[in-house]
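Student: Chains as they are written, first to last, in our numbering: chain A, 7 to 277; chain B, 86 to 326. No residue lacks a Cβ here, since even glycine has one placed at the ideal position from N, Cα and C. Here it is, the structure, as structure tokens.
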Amino acid sequence: MGKVIVVTSGKGGVGKTTSSAALGAALAQNGDKVVVVDFDVGLRNLDLVMGAERRVVYDLVNVIQGEAKLTQALIRDKRLETLYLLPASQTRDKDNLTSEGVEKVIAALKKTFDWVICDSPAGIERGATLAMRHADIAIVVTNPEVSSVRDSDRIIGLLDSKTLRAENGERMEKHLLLTRYDPVRAQRGDMLKVDDVLEILSIPLLGIIPESMDVLRASNLGSPVTLADGKCAPAMAYFDAARRLNGETLPVNVPGERRGFFGKIFGRKAA
Amino acid sequence: MLTQPRPIRLKGRSFLALALTPELPFEDWLARLDDLAARSAGFFLRRPVVLDVEGLDIDRPQLRELVDQLGTRNVRIMGIEGARASLLASDLPPAMTDGRPASDLEVPVAEDMEEADGTEAAVPPESLPAKATPSIVITQPVRSGQSLFFPEGDVTVVGSVASGAEIVAGGSIHIYGTLRGRAMAGTTGNASARIFCRKLEAELIAIDGFYKTAEDMEPNLRGKAVQIWLEGEAINTGILG
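Written as structure tokens, this is what we have:
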């Protein structure tokens, strides 16, 4: 039985889609079978970031409405044969996503894949709540700035109340992925500090992804950054995050800081 | 046709509503209300509000005008307290008496007596043991968008209250963490309620209806461990040692 991850944030433009693709590709490079599901019906992007936009025939809504089989809608990555994409519909409305339909699709994907990564749309409406509903693990993507942090806090509240796990009284595993971290701005002090973000959100840190042109370049090439250039700083950070998802304990490096962050992180109690 | 006629159940319940006390002249008072609403958006949204007009020298058209004015501000008045009978009319919200009409109006049925909220009207007083003030303890952070409503007594949070979260308590509020959202203590008319927090970053604090927004708080108290209490109509804040 595979694990279902939701990549969510509340706020838009923080890097959910980029992170979904990068983590998916990183996990698939270990030989795990991974599918990344785009829940952003009407505003899909994941197909572009993964370079599969010219191969989309059927999508998530087609599968839910019974117009296509799941196997017909899944697109296998050309570079990694264990990485798959289930695209969202660009033309349909998100009201076409039904709770029962999503449940069926997720259940089917869990049987064949090791990781099911649900790329949530921004906001807290239907698309976002359905994307998180069946998740076992949540990755909360946050930028080090106040509006993003507050929206993430709101999302954590929803993860603890509106998901199936929460409703069954089980614990929802939540991780913080701090993205677009700019060492220069951090040094100038015009960005929230890593410590402050962790204090406000009080969930464990999965990784810090530095702001980098490499991410933009990879997106424009239609390749997850962990596939485009595995040696660049953001790719390394995503690889580390993927290893932490697999249960490894690694020190978290704050970009631009020489000192390890290990002691500080693990000295903290996280909810 | 009904074969077994069952009695219609009518029950007396007491609910918590915000009581607004308008002052003359209404234009000025409404301007102050708009100011509060502007600084604290959605304050009255979906909350039951009762208008307390006790001691106001107004006539029916003035009252109607005031209710309409509040209506345009999305403040829905569900009852009017302290009004002379001559002031009210069928198109105005009904009169309300002072909050505790708790006797059960149910058509007599011996069993299935439900607890009337917050009162002991149905039970002879001597059979009640001395009751401690109820309180609840929250051991998780209160997240943005969450609202904790506990009119019965004290609220203790072991963790932080996020920006955009709110705690409404009938008694005192204790926060062993950072208060970034709103805390409203003593909302059921308890002026002796206090707010305590380890670190003050609040958006709004209120005790017994008297409030202060972040802008009105002294900047030197930000980030400090404080207690907040009411003296007369003034909100006092003191640093905890």
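(1) Does the beta carbon of Val201(A) sit closer than 9 Å to a beta carbon anywhere in chain B?
(2) Quick one: grab the DSSP three-state call for Ile221(B).
(3) Examine chain B for any beta-carbon lying closer than 9 Å to the beta-carbon of Ser126(A), and answer yes or no.
(4) Measuring only from the beta carbon, is Leu204(A) closer than 8 Å to any heavy atom that is part of the ligand GTP?
(5) Does the beta carbon of Arg160(A) come closer than 9 Å to any beta carbon on chain B?
(6) Indicate whether Ile162(A) and Thr185(A) have their beta-carbon atoms separated by less than 9 Å.
(7) For the beta strand (DSSP E) containing Asp239(B), list its first residue and its last residue.
(8) Mapping DSSP to helix, strand and coil, what is Met181(B)?
(9) Name, please, each residue of chain A whose Cβ falls closer than 7 Å to the Cβ of Arg228(B).
(10) At a Cβ threshold of 9 Å, is Arg156(A) touching chain B?
(11) Taking a contact to mean a Cβ-Cβ separation below 9 Å, would you say Asn36(A) touches Ala248(A) in this structure?
(12) Going by other Cβ atoms of all chains shown within 10 Å of its Cβ, with 16 needed for buried, is Ser277(B) buried or exposed?
(13) For Met269(B), does the three-state DSSP call read helix, strand or coil?
(14) Determine the contact status of Pro127(A) and Asp46(A), defining contact as a CB-CB distance below 9 Å.
(15) Could you give the distance in angstroms between the alpha-carbon of Glu176(A) and the alpha-carbon of Gly8(A)?
(16) Residues of chain B with a CB under 7 Å from the CB of Ile145(A): which are they?
(17) Would Val152(A) be called buried (16 or more neighbouring beta carbons within 10 Å of its own) or exposed?
(18) By DSSP's criteria, Leu285(B) is part of a beta bridge. Which residues make up the other side?
(19) Identify the continuous beta strand (DSSP E) that holds Pro216(A) and give its terminal residues.
(20) Could you tell me the boundaries of the alpha helix (DSSP H) in which Ile162(A) lies?
(21) Contact defined as beta carbons within less than 8 Å: I believe Ala137(A) pairs with Cys124(A). What is the distance between those atoms, to the nearest angstrom?
(22) Does the CB of Ala250(B) have a neighbour CB from chain A at under 9 Å?
(23) Tell me the DSSP secondary structure of Val146(A) in three-state form.
(24) Starting from Val122(A), follow the beta strand (DSSP E) in both directions and report where the run begins and ends.
(25) Beta-carbon of Leu254(B) versus every beta-carbon of chain A: anything under 9 Å?
(26) Flag Thr263(B) as yes if its beta-carbon sits less than 9 Å from any beta-carbon of chain A, otherwise no.
(27) Mind pulling the chain A residues with CB within less than 8 Å of Ala268(B)?
Tutor: Put simply:
(1) The displayed chain sequence assigns Asp, not Val, to residue 201(A). Taking Cβ atoms only, chain B never reaches closer than 9 Å to Asp201(A), which makes this a no.
(2) strand
(3) no
(4) What this structure holds is no ligand at all, so the ligand GTP is not there to describe.
(5) yes
(6) no
(7) Asp239 to Val242
(8) strand
(9) Asp159, Arg160, Ile162 and Gly163
(10) yes
(11) yes
(12) exposed
(13) strand
(14) yes
(15) 18 Å
(16) Correct list: empty, because the minimum Cβ distance to chain B is about 17 Å.
(17) exposed
(18) Leu264(B)
(19) Leu211 to Pro216
(20) Val152 to Leu165
(21) 5 Å
(22) yes
(23) strand
(24) Trp121 to Asp125
(25) Residue identity check: residue 254(B) is Ala in the sequence provided, not Leu. Not an interface residue.
(26) yes
(27) Those do not exist, as Ala268(B) stays about 17 Å from chain A at its closest Cβ, beyond 8 Å.
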